[in-house]
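Just so we're aligned: the sequence shown equals residues 1127 to 1464 in this note's numbering. Beta carbons: idealized from backbone N, C-alpha and C, even for Gly. The structure displayed is predicted, hence computed values, not measured ones.
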Amino acid sequence: MQQTRTFTDKILLVLKGLAMGAANKVPGVSGGVVAFVAGFYEEFIYSLQKVNLKAFKLLISGRFKSLYQYLNGKFLGLLILGMLISYFSVSKLLDYLLIHYELYVWGSFFGMIIGSIYYISKDFGEWDRNSLVFAFLGIAGGIAISFLEPARENDNLWFVFVCGMISVSGMTLPGLSGSFILILLGNYVLLLVDSVNALYDTMAEMLLLDFSFMNDPERLRMLQVLMVFAAGSLAGLVSLSHLLGFVLKRFKKETFAVIIGFITGSLGVVWPWKEKIYKTNENGEILMDREGNQIIDNYDRYWPDFSSSETWLTLFFIMVGIFIVLGLAWYENKNQKK
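1. Could you tell me which whole alpha helix (DSSP H) segments of length 4 or greater appear in the region 1192-1260?
2. Helix, strand or coil for residue 1404? Go by DSSP, reduced to three states.
3. Between the C-alpha atoms of residue 1288 and residue 1319, what's the straight-line distance to the nearest angstrom?
4. From the DSSP output, in three-state form, read off residue 1336 for me.
5. Considering only C-alpha positions, which residue in the set 1380, 1238, 1381, 1137 is nearest to residue 1397?
6. Please report how far the alpha carbon of residue 1161 lies from the alpha carbon of residue 1449, in whole angstroms.
7. Quick one: any contact between the region 1250-1259 and the region 1374-1384, if contact means 3 or more CB pairs under 8 Å?
8. Compute the Euclidean distance between the alpha carbons of residue 1346 and residue 1285, then round it to the nearest angstrom.
9. Whole angstroms is fine: what's the gap from residue 1094's alpha carbon to residue 1446's?
10. Could you tell me the alpha carbon to alpha carbon distance between residue 1279 and residue 1315, rounded to whole angstroms?
11. Going by alpha carbons, who is nearest to residue 1267 out of 1339, 1389, 1378, 1306?
12. Note the first and the last residue of the continuous alpha helix (DSSP H) segment covering residue 1428.
13. Considering only C-alpha positions, which residue in the set 1327, 1298, 1344, 1352 is nearest to residue 1374?
14. Please name the residue or residues paired with residue 1444 in a DSSP beta bridge.
15. What do you get for residue 1300, buried or exposed, if any count of 16 or more other CB atoms within 10 angstroms of its CB means buried?
16. Which partner residues does residue 1292 have in the DSSP bridge list?
17. State whether the region 1326-1341 contacts the region 1361-1371, with contact taken as three or more CB pairs (one from each stretch) at a distance under 8 Å.
18. Please state if the CB of residue 1395 and the CB of residue 1272 are separated by a distance shorter than 8 Å.
19. As a quick exercise: from 1213, 1209, 1134, 1229, pick the residue whose alpha carbon is nearest that of residue 1400.
20. For residue 1132 and residue 1434, what's the separation of their Cα atoms in angstroms?
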């Protein structure tokens, strides 16, 4: 599955990784959709499959060049670079936009998902009875997940490991948002806010040669939680890629039908018109995270008011989202034909 890439291709791959990383952070949006629409989904899955026993043997024997080639290292490296950049740039911009222009951001995401469904479906081929059944199962699964009630926060390390395995599915399963899954599991704030903040604080202190965090039990616990979560994510990424590689080889059409259905069913998660439901304590007081932000527990969806100019502006951003996806898909196809 390895390809020869020009310098422009490499830059575009970093940008795709940047988009994928930003999408993974937003509850309701799946990085896997980016991979699917941008045309590198299968290469991404098959590259992850290479993280296996043979790769481990190459690593411990010191054959790093062979390991790099075997893992399709150039592809994965550029993609991961883009994801890392996104967490310190685009993700921060998205955080700002979600605070100040939330309805329009969700409208853009909603449009992007609609555009993705159209783009993926148009090349699907003939829809037979079997494909329709699998698509319906995907739709049912997407709708069911969007209406589940969140669990309570749980920092048990075994559960944190499982959270890592499940949440990383957003990168490999288009339509399944890893961030939203963490909200349902009750650990979004613990794993993507508190533990990450603990890591940032620790790194900043270490740069100043301040190691006082070693005497802070809460900080050490957060770092331990983050390490276990990262290990679970890696385990989930590798194991799920092997499973997906297997089904893509043997049941490609059925798999794509489920993915199309799942993305369609997940539209409820990114429905723009919704109110936040905040997590409260026994006294009904809204809980805050370490940065003083209210903790989101779920969303209450409602129908838009078409007499409002805000609704029509949101509809405009939905159209913008659709055209962004179709424009990128057109550009990708144009490059592939050259």
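From the atom records:
1. Inside the region 1192-1260, DSSP marks whole alpha helix (DSSP H) runs of 4 or more residues at positions 1199-1213, 1216-1226, 1228-1248, from first to last along the chain.
2. If DSSP states are grouped into helix, strand and coil, residue 1404 belongs with the strands.
3. Cα-Cα distance, rounded: 18 Å.
4. In the three-state reduction of the DSSP assignment, residue 1336 falls in the coil class, being assigned neither a helical nor a strand state.
5. Measuring from the Cα of residue 1397, the nearest candidate turns out to be 1238.
6. Using only the alpha carbons, I get a separation of about 17 Å.
7. The way I'd put it, the region 1250-1259 does touch the region 1374-1384; three or more beta-carbon pairs between them come closer than 8 Å.
8. Cα atoms of residue 1346 and residue 1285: separation of roughly 18 Å, rounded to the nearest angstrom.
9. There is no way to answer for residue 1094, as the model of the chain reaches only from 1127 to 1464.
10. Distance between the alpha carbons of residue 1279 and residue 1315: 8 Å.
11. Nearest C-alpha to residue 1267: 1389.
12. Counting along the chain, residue 1428 falls outside any alpha helix (DSSP H), and DSSP gives it neither H nor E.
13. The option with the nearest alpha carbon to residue 1374 is 1298.
14. In the DSSP output, where bridge partners are listed per residue, residue 1444 has none listed.
15. Buried: at least 16 other Cβ atoms inside 10 Å.
16. In the DSSP assignment, residue 1292 is bridged to no other residue.
17. With the cut-off at 8 Å, the region 1326-1341 and the region 1361-1371 do not touch.
18. Yes, the Cβ-Cβ distance between residue 1272 and residue 1395 is below 8 Å.
19. Taking only the C-alpha atoms, the option nearest residue 1400 is 1229.
20. Looking at the two C-alpha atoms, the distance is approximately 48 Å.
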